[in-house]
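Written below as structure tokens is the structure these notes are about.
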Amino acid sequence: MISGGQFGRLRVWDSKSQRCIVEIRGPLDRCVSSDALGVSVNELHTPDYGLHSIMQLHIDSTFSCKDDKVGQLILVRQSNHVEFYNLWDMKLDSERLRNMHIFVFSTVLTPKFLGDIGQVQQLCVAGRSHSRLVLADSSDRLKIFLRPPGLTKSANAGWACHLVPDGHSAPILDLAVSTCGEWLATGARDNAICLWRIVETTDEAAIDEKPSDVCRDTVKVILIAHQLSAHAAHVTAVCFDR
Numbered sequence: 045m046i047s048g049g050q051f052g053r054l055r056v057w058d059s060k061s062q063r064c065i066v067e068i069r070g071p072l073d074r075c076v077s078s079d080a081l082g083v084s085v086n087e088l089h090t091p092d093y094g095l096h097s098i099m100q101l102h103i104d105s106t107f108s109c110k111d112d113k114v115g116q117l118i119l120v121r122q123s124n125h126v127e128f129y130n131l132w133d134m135k136l137d138s139e140r141l142r143n144m145h146i147f148v149f150s151t152v153l154t155p156k157f158l159g160d161i162g163q164v165q166q167l168c169v170a171g172r173s174h175s176r177l178v179l180a181d182s183s184d185r186l187k188i189f190l191r192p193p194g195l196t197k198s199a200n201a202g203w204a205c206h207l208v209p210d211g212h213s214a215p216i217l218d219l220a221v222s223t224c225g226e227w228l229a230t231g232a233r234d235n236a237i238c239l240w241r242i243v244e245t246t247d248e249a250a251i252d253e254k255p256s257d258v259c260r261d262t263v264k265v266i267l268i269a270h271q272l273s274a275h276a277a278h279v280t281a282v283c284f285d286r
């Protein structure tokens, strides 16, 4: 079992012995240890420690360039840091700070600068290879990272974020992904539910010419269905049965 605490500490527990076997401290004092060293109460209650409180934990399996399945722990902090940990050794693979740039998501993926991401409400890993990071912040648009470093080992991995147009008219409160990774569902304050499909196409010719560059692909997030009055009030939770 894995838990996250208010002061930014990540702990791995042995369910049989009910003991903490690994502890990872927050960004202000990040390390991996097998025993919890003490920190004064006054130090823990400083504003910096509060900003790094762990708000969300997600586990997903991604695929490396060699098609090896890799377990990833995705962590979201109060400060909107998004961090990726390797489940085998609990080491930090990659992280993204709060000032993540947003770009407009279009058919040909032409980026246009818009601004920074707000508070992360929910995130998920999507796509056929579970290598796309989709998140909902305090806005009415989905954001998608096509090649985040924590989920892809491609040479052109990066934190370019694309804005998905259409859909909701109020901030998105929850999102879910199907087990196949190709379908997304979102619920928002506009009382609506949206169903999306992620369509990925790969340039096979480019891969044949340069096998190491497996990310020459295009991604479209298509709005399939839009239920305007799904509930009488805000839609706060959505999920798939499979």
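With positions in the sequence shown counted from 1, the corresponding number in our numbering is that position plus 44.
Glycine included, every Cβ here is placed at the ideal spot set by N, Cα and C.
Fair warning: this is a prediction, and the values are worked out from it, not measured in the lab.
Check                                                                                                     : Outcome
Beta-carbon gap between Met99 and Arg69 smaller than 9 Å                                                  : no
Bridge partners - Leu54, DSSP secondary structure assignment                                              : Gly48 and Ile68
9 Å Cβ cutoff met for Leu177 and Trp240                                                                   : no
Glu127 versus Ser59: straight-line alpha-carbon distance, rounded                                         : 24 Å
Residue-level contact to chain B via CB, Val263, 9 Å cutoff                                               : The chain inventory of the structure shown lacks chain B, comprising one protein chain alone.
Rounded straight-line distance, which links the Cα of Ala201 to that of Gln271                            : 35 Å
Gln166 versus Glu244: straight-line alpha-carbon distance, rounded                                        : 22 Å
Same chain, Cβ closer than 7 Å to Ala281, neighbours up to 5 away in sequence not counted                 : Asp218 and Gly231
For Gln100, three-class secondary structure by DSSP                                                       : strand
Contacting residues, own chain, Cβ-Cβ under 8 Å from Gln116 (five flanking each side not counted)         : Ile103, Asp104, Ser105, Thr106, Phe128, Tyr129, Asn130, Leu131, Asp137, Val169, Gly194 and Leu195
Contact check, Ile216 vs Ala180, beta carbons under 9 Å                                                   : yes
Where Ala269 falls: helix, strand or coil (DSSP)                                                          : strand
Which of helix, strand or coil DSSP assigns to Thr196                                                     : coil
Cutoff 8 Å; reference Gln163; Cβ partners in own chain excluding five residues on either side             : Asn124, Asp181 and Ser182
Buried versus exposed call for Ser175 [16 or more other C-beta atoms within 10 Å across all chains shown] : buried
Length of the line joining the Cα atoms of Thr223 and Ile65                                               : 30 Å
Beta-bridge pairing of Thr230 - partner residues as DSSP gives them                                       : Leu219 and Cys238
His212 beta carbon less than 9 Å from that of Asp234                                                      : yes
Closest Cα partner of Asp285 within the set Val265, Trp203, Lys197 and Ala220                             : Ala220
Same chain, Cβ closer than 8 Å to Met134, five either side skipped, listed in chain order                 : Leu54, Val56, Val66, Ile68, Val76 and Leu117
Residue environment, Ile319, which counts as buried when at least 16 other CB atoms sit within 10 Å       : No information on residue 319 is available, as it lies outside the stretch 45 to 286 that the chain covers here.
Rounded C-alpha distance that separates Arg172 from Ile268                                                : 18 Å
From Phe189, Ser47 and Ser273, residue whose alpha carbon lies closest to that of Val263                  : Phe189
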